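In full-length UniProt numbering, the protein residues as written are 1 to 456.
Every residue gets a Cβ at the ideal spot worked out from N, C-alpha and C, and that includes glycine.
The model shown is predicted, which means the values in this text are computed figures rather than measured ones.
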Amino acid sequence: MSESVITPPLTPRTEATELNVPAPPVTRTKQNYVEHVLESTPALPPITWANWYREINWLSLSILTIAPAIAVYGCLTTSLRLKTAFWSFVYYYVTGFGITAGYHRLWAHRSYSASKALEWFLAFAGAGAVEGSIRWWARGHRAHHRYTDTDLDPYSAHKGLLWSHIGWMVVLPRRKPGAADVSDLAANPIVAWQHRNYLWLLLLMGFVVPTAVAGFGWGDWRGGFFYAAATRLVFLQHSTFCVNSLAHYLGSAPFDDKHTPRDHVVTALLTFGEGYHNFHHQFPSDYRNAIRWFQYDPTKWFIRTCQAVGLASHLKTFPDNEIQKGELTMELKKLKAIQDAVTWPKDASHLPVVTWEHFQEQARHRPLILVTGFIHDVAAFLDHHPGGRHILASYIGKDATTAFFGGVKEHSNAAHNLLAMMRVGVLRGGLEVETDKVAAIPPSQRLKIVEHASSQ
Ligand SMILES: [Zn+2]
Ligand SMILES: [Zn+2]
1 MSESVITPPL TPRTEATELN VPAPPVTRTK QNYVEHVLES TPALPPITWA NWYREINWLS
61 LSILTIAPAI AVYGCLTTSL RLKTAFWSFV YYYVTGFGIT AGYHRLWAHR SYSASKALEW
121 FLAFAGAGAV EGSIRWWARG HRAHHRYTDT DLDPYSAHKG LLWSHIGWMV VLPRRKPGAA
181 DVSDLAANPI VAWQHRNYLW LLLLMGFVVP TAVAGFGWGD WRGGFFYAAA TRLVFLQHST
241 FCVNSLAHYL GSAPFDDKHT PRDHVVTALL TFGEGYHNFH HQFPSDYRNA IRWFQYDPTK
301 WFIRTCQAVG LASHLKTFPD NEIQKGELTM ELKKLKAIQD AVTWPKDASH LPVVTWEHFQ
361 EQARHRPLIL VTGFIHDVAA FLDHHPGGRH ILASYIGKDA TTAFFGGVKE HSNAAHNLLA
421 MMRVGVLRGG LEVETDKVAA IPPSQRLKIV EHASSQ
């Protein structure tokens with residue numbers, strides 16, 4: 001409707017006198033840890049054509065290129081036997097769980113307690129993924145959680161998909177990852193032993209065991225090496241790398257959207273259930289990544305099975321109440337966007353305050369009606385009033401509050417919402433009564449989402 005205002009403009013609202021008190025001087029908040037470290041410690045120089053060969057991690061690059069080359073050669077020259085295919089698939093899961101249930105959920109996040117037997121199993125299985133020792137891996141991962149998306153995050157998603165997938169391993173780290181406490185891992189004898197013996201463990205579990213099982217088992221040494229060792233390794237590495245790359249890129253943010261982690265079933269299928277990464281970054285010490293029964297999280301099922309047979313205990317979960325708060329916040333955020341796109345009626349602070357006498361005088365020239373302390377100009381609506389023009393016109397210059405709310409007709413919520421759009425003024429003293437103040441709020445605004453100002 002048109003922007004009609006009552007003329008002459010009446011008593012303008014004055015700011016409360018308290019607001020005229022000068023604001024205290026703004027004090028800068030203390031610099032945060034990330035800013036402090038970034039400013040005080042220099043990064044390695046940028047990679048250029050002149051220095052790139054000095055900035056490459058040649059060992060990582062070799063593993064990440066030679067293994068796929070061997071796998072491709074092997075697949076092209078070796079027939080795949082059914083038993084070997086089955087074994088490769090099983091060993092893919094065994095070594096995958098070594099990373100997801102072991103490196104990640106047990107050691108990096110301490111989301112459950114494992115018996116010694118399970119710890120040894122996971123320490124060996126994880127070595128077969130050829131992704132570094134538990135201590136090195138968990139240290140980087142704790143920094144990733146603590147400094148997500150910053151330059152102190154070793155695989156910050158803000159540096160692109162390729163960087164977070166493999167770039168951070170191929171190139172020498174531009175900075176040391178941010179500080180993270182790993183004293184518990186240093187004190188764990190199995191973790192310490194695996195770190196000391198990592199090189200031969202890598203060869204044993206990455207190549208010797210998968211080859212030997214197929215070789216001794218059914219005489220397929222060649223298939224064991226090319227499929228269960230090399231090809232399995234390439235698939236496994238890129239699957240688990242997806243937790244750092246794809247899980248920060250693809251999908252939705254049902255729990256929080258402050259940072260890049262996302263939930264997606266495709267990532268979950270590729271990563272043994274680590275694809276519910278938005279949940280995981282919010283609730284990192286929860287042993288689950290997927291909280292719904294139908295979501296694919298075989299790592300969770302593996303840990304639960306271990307618990308059932310007495311190998312795992314103290315499975316940690318975040319309280320449902322807190323999880324629901326995250327989900328509700330994100331739902332409200334979506335609703336707030338819809339709310340912000342809607343045109344709302346003016347509130348009392350944006351309307352002139354009118355005395356009863358002025359209202360009476362103005363109503364002689366314009367069809368003004370008072371309802372719940374607000375003055376409405378119904379000119380454009382007179383001929384569209386479902387109850388007819390006559391009854392509406394009979395309230396011009398009058399207080400129609402009682403009539404509107406049941407005295408004549410109990411109007412619908414939609415009618416009240418529409419009426420509020422016709423506001424042109426506030427009657428002086430008209431909004432003083434507490435019950436009237438509530439009645440004056442149109443139904444569409446009673447559940448209005450209010451956003452508090454944030455410094456972030
Ligand atoms: Zn992450
Ligand atoms: Zn994690």
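In the three-state DSSP reduction, Tyr276 falls in the strand class (E or B). DSSP lists Ser252, Tyr276 as the bridge partner or partners of Asp263. If the five residues before and after Phe235 are omitted, its C-beta is found closer than 8 Å to the C-beta atoms of Tyr92, all from its own chain and listed in chain order.
The C-beta distance from Asp377 to Leu370 rounds to 11 Å, too long to fall under 8 Å, and the pair is not in contact. Relative to the non-hydrogen atoms of ligand 1, the Cβ of Ala253 never comes closer than 7 Å to any of them. For the pair Asp149 and Ala157, the CB atoms are nearer than the 8 Å cut-off. Not a single heavy atom of ligand 2 lies less than 7 Å from the C-beta of His259.
In this structure, Gly140 sits away from Ala125, with a CB-CB distance that is not shorter than 8 Å. Proximity of the beta carbon of Ala247 to ligand 1 is indicated: a heavy atom of the ligand is located closer than 7 Å. Scanning Arg262, Gly132, Gly373 for the CA closest to the CA of Leu201 turns up Gly132. Within 10 angstroms of the beta-carbon of Lys300 lie 16 or more other beta-carbons, which makes it buried. In this structure Tyr53 is exposed. Its beta-carbon is surrounded by fewer than 16 other beta-carbon atoms within 10 angstroms. Relative to ligand 2, even the nearest heavy atom lies 7 Å or more away from the CB of Ala143.
DSSP assignment within the segment 103 to 165 yields the following whole alpha helix (DSSP H) runs of 4 residues or more, N-terminal first: 116 to 127, 134 to 146.
Taking the CA atoms as reference points, His416 sits about 36 Å from Asn321. Per DSSP, Asp297 lies in no alpha helix (DSSP H) and is assigned neither H nor E.
A Cβ-Cβ contact shorter than 8 Å links Leu427 with Trp356.
The beta carbon of Asn188 sits no closer than 7 Å to any heavy atom of ligand 1. For Arg389, the uninterrupted alpha helix (DSSP H) run begins and ends at 389 to 393, by DSSP. In summary, Gln362 is buried, with 16 or more beta-carbon neighbours lying within 10 Å of its beta-carbon over all protein chains present.
Residue side-chain check: Asn57 keeps its Cβ at 7 Å or more from all non-hydrogen atoms of ligand 1. Here the alpha carbons of Arg142 and His36 stand approximately 19 Å from one another. Your pair Val213 and Trp87 checks out as a contact, with CB atoms roughly 6 Å apart and the cut at 8 Å. Cα atoms of Thr78 and Gly219: separation of roughly 14 Å, rounded to the nearest angstrom. Among the bridge pairs identified by DSSP, Val424 is matched with none. Out of Gln339, His385, Ala403, the CA that lies nearest to the CA of Arg446 is found in Gln339. Segment contact: the segment 220 to 229 against the segment 239 to 251, fewer than three CB-CB distances shorter than 8 Å; contact not assigned. By the criterion of a C-beta distance shorter than 8 Å, Leu64 is surrounded in its chain by Ile166, Met169, Val170, Gln237, once the five residues flanking it on both sides are discounted. Apart from sequence neighbours up to five positions away, the residues of its chain that approach Lys333 with a beta-carbon distance below 8 Å are Asp257, ordered along the chain.
Spatial neighbours of Tyr73 in its own chain (CB-CB distance under 8 Å, excluding positions within 5 residues in sequence) are listed in chain order as Phe226.
Sixteen is the threshold: since fewer than 16 other Cβ atoms of the shown chains lie within 10 Å of the Cβ of Pro443, the residue is exposed. Nearest to Lys398 by alpha-carbon distance, out of Tyr147, Ile375, Phe279, is Ile375.
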